[in-house]
Amino acid sequence: MKDIIISESIKYIGVDDKEVNIFENQYTVPKGMSYNSYLVLDEKNVVIDTVEEKKGKEWLENLDCILDGKTIDYLIISHMEPDHSANILKLIERFPNIKLIGNTKTFSMLPQFYDIKDLNDKKIVVNEGDEISIGKHILKFFMAPMVHWPEVMVTYEKTEKVLFTADAFGRFGSLDSIDTKEEWASEARRYYFNICGKYGYQVQELLKKVSNLDINIICSLHGSILKDDLQFYINLYDKWSKYEPEEDGVFIAYASIHGNTEKVAKKLKSILEEKGEKVEISDLSNNIMSESVANAFKYGKIILASSSYNMGVFTPMEQFLNLLKGKNFQKRIIGIVENGTWAPSAANTIKTMLNQMKDINIIDPVVTVKTTLNEESREKLEQLAINILNINS
Ligand code: FEO
30 MKDIIISESI
40 KYIGVDDKEV
50 NIFENQYTVP
60 KGMSYNSYLV
70 LDEKNVVIDT
80 VEEKKGKEWL
90 ENLDCILDGK
100 TIDYLIISHM
110 EPDHSANILK
120 LIERFPNIKL
130 IGNTKTFSML
140 PQFYDIKDLN
150 DKKIVVNEGD
160 EISIGKHILK
170 FFMAPMVHWP
180 EVMVTYEKTE
190 KVLFTADAFG
200 RFGSLDSIDT
210 KEEWASEARR
220 YYFNICGKYG
230 YQVQELLKKV
240 SNLDINIICS
250 LHGSILKDDL
260 QFYINLYDKW
270 SKYEPEEDGV
280 FIAYASIHGN
290 TEKVAKKLKS
300 ILEEKGEKVE
310 ISDLSNNIMS
320 ESVANAFKYG
330 KIILASSSYN
340 MGVFTPMEQF
350 LNLLKGKNFQ
360 KRIIGIVENG
370 TWAPSAANTI
380 KTMLNQMKDI
390 NIIDPVVTVK
400 TTLNEESREK
410 LEQLAINILN
420 INS
């Protein structure tokens, strides 16, 4: 088991999955995934969340190793999603007298997933602000609906000032795969926008609730245990959940069938860079889509460059825009470049899709390329670069 030090009486008992390639059957995770779980030792011993199903045996071994024959009195169920709840039955089997702590919504979902005998005798329903004392430690509960499911709640341990945040402040990657704050931000941004991005308002509500707490440590259910400079992480969450851009610069996302649109996108990148702008570029057909989604939120100015296809827009761009819409994408400045050999149609479809999003400012000119750049389209590309640089985001 990993020797993760939280405190003398709060222990890490989670597991890494370094073999997993796709999380939740859709997000590529080149650095694997961690399923965090915690044990609070006191007069009453408390487990905070279980782990993903296939890692149950390893997790129970971690628990046994620290318990050394002691029992578990409570399981806090912060979130019912199976990556955290899958081993509830195993825990009950091992500790038949255990009580399950959740809220009303937790216990309405629980029977849909697991057949728990005598659930009414086992459950302890908590509401906003309720506290449970387990000895020296006091656990206080805050509801966090839709961060990321309706039943999510976070737990604040008052004595050691530890906030257990469920999915919030989570990231992709196994526990030891990330070292620096910048690496954390990269995988946490990708995790946040793809998994919780739609629920910025609800994340803001949670941040307000915990803003008056004195917090020493943040323990998420995925990735790093955060101990130092907590304001760095909280500030990022504040910015992300307000849908505010994080960095100056331009993000170019392109979808190219045979490479001609790619050449135009790269030409635009070099024009912008020659003018001193920071540019990040993504090939929507070949790069990790969830990373492109995260980059669209990272920057305030985006260029969408796409081939036309089926009288609309090339499939990877359509998929990208549908994902952005689903994540509540908003408050951005957008430039559009379309390509079409005989009947360019990408720009109209892109505009129609962007019109379904809030506070999107499309910058003139929309550049139409007929297969390859000519004098007219090259001039328009230059003009688009100038206009997008001159507008304030
Ligand atoms: Fe990590 Fe929403 O579950």
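Each residue of the sequence shown is one higher than the one before, counting from 30 in my numbering. Note that beta-carbon positions come from the ideal geometry of N, C-alpha and C, so glycine has one too.
Query                                                                                                                                                                       : Result
Please list, in chain order, all residues of the same chain as Phe261 whose beta carbon is under 7 Å from its beta carbon, the five residues on each side excluded.         : Lys210
What residues in its chain sit with their C-beta under 8 Å from that of Glu275, if we drop five residues either side in the sequence?                                       : Arg218, Leu265, Lys268, Trp269, Phe326, Lys327, Tyr328
Helix, strand or coil: which one does DSSP assign to Arg200?                                                                                                                : coil
Check the C-beta distance from Asn357 over to Gly226 and give it rounded, since I have them as a contact under 8 Å.                                                         : 6 Å
Distance, Cα to Cα, Ile389 vs Lys86?                                                                                                                                        : 49 Å
Going along the chain, which residues of its own chain have a beta-carbon closer than 7 Å to the beta-carbon of Gly98, five neighbours each way excluded?                   : none
Residues in the same chain with beta-carbon distance under 8 Å from Pro174, minus the five sequence neighbours each way, listed in chain order, please.                     : Lys134, Glu180, Val181, Gln231
Residues near the ligand FEO, CB to any non-hydrogen atom under 5 Å, in chain order?                                                                                        : Glu110, Asp112, His177, Asp196
In the structure shown, what three-state DSSP assignment does Met340 receive?                                                                                               : coil
Count Cβ pairs between the stretch 298 to 309 and the stretch 31 to 48 that sit closer than 8 Å; are there 3 or more?                                                       : no
Drop a sphere of 10 angstroms on the beta-carbon of Ile101, count the other beta-carbons inside from all chains shown, and report buried for 16 or more, exposed for fewer. : buried
Name the one or two DSSP bridge partners that Met62 has.                                                                                                                    : Asp46, Gly202
Tell me whether Leu402 sits in a helix, a strand or coil according to DSSP, three-state version.                                                                            : coil
Taking Trp213 as the reference, which of Ile33, Ile254, Lys296 has the closest Cα?                                                                                          : Ile254
With a Cβ-Cβ cutoff of 7 Å, do Val398 and Asn377 count as a contact?                                                                                                        : no
What residue ranges within the stretch 155 to 214 form continuous alpha helix (DSSP H) runs of no fewer than 4 residues, ordered along the chain?                           : none
Consult DSSP for Ser107 and reduce its assignment to one of helix, strand or coil.                                                                                          : coil
Determine the closest residue to Ala372 out of Asn339, Glu347, Val395, Met382, with distance taken between C-alpha atoms.                                                   : Asn339
Taking Leu235 as the reference, which of Gly288, His177, Ser203 has the closest Cα?                                                                                         : His177
Say whether the stretch 287 to 301 touches the stretch 401 to 421, bearing in mind that this needs 3 or more beta-carbon pairs closer than 8 Å, one atom from each stretch. : yes
Does Leu242 pass the burial test, meaning 16 or more other C-beta atoms within 10 Å, or should it be called exposed?                                                        : exposed
Please name the residue, chosen from Met386, Lys380, Gly202, that lies closest to Pro394 on a Cα-to-Cα basis.                                                               : Lys380
Measure the CB-CB distance between Ser374 and Ser337 and report whether it falls below 7 Å.                                                                                 : yes
To the nearest angstrom, report how far apart Thr57 and Phe201 are at their CA atoms.                                                                                       : 9 Å
Is the stretch 65 to 77 close to the stretch 102 to 122, with three or more CB pairs under 8 Å?                                                                             : yes
How many Å lie between Glu110 and Ala195 at the Cα?                                                                                                                         : 10 Å
Helix, strand or coil: which one does DSSP assign to Tyr283?                                                                                                                : strand
With distances taken from CA atoms, which of Leu413, Phe280, Ser249 is nearest Tyr64?                                                                                       : Ser249
Take the Cβ of His108 as the centre, count every other Cβ of all protein chains shown within 10 Å, and call the residue buried at 16 or more, exposed below.                : buried
Taking only three categories from DSSP, how would you classify Gln233?                                                                                                      : helix
Report the start-end ranges of each alpha helix (DSSP H) in the stretch 319 to 399 that is 4 residues or longer and not cut off at the edges.                               : 344 to 355, 375 to 383
One question on the structure: do Phe459 and Val183 come within less than 7 Å of each other, judged by their Cβ atoms?                                                      : Absent from the model: residue 459. The displayed extent of the chain is 30 to 422, so no value can be given.
On the criterion of 16 or more Cβ atoms from any shown chain inside 10 Å, does Gly305 qualify as buried, or is it exposed?                                                  : exposed
So, under 8 Å CB-CB, Leu350 and Met382 are touching, yes? Tell me the CB distance rounded to an integer number of Å.                                                        : 4 Å
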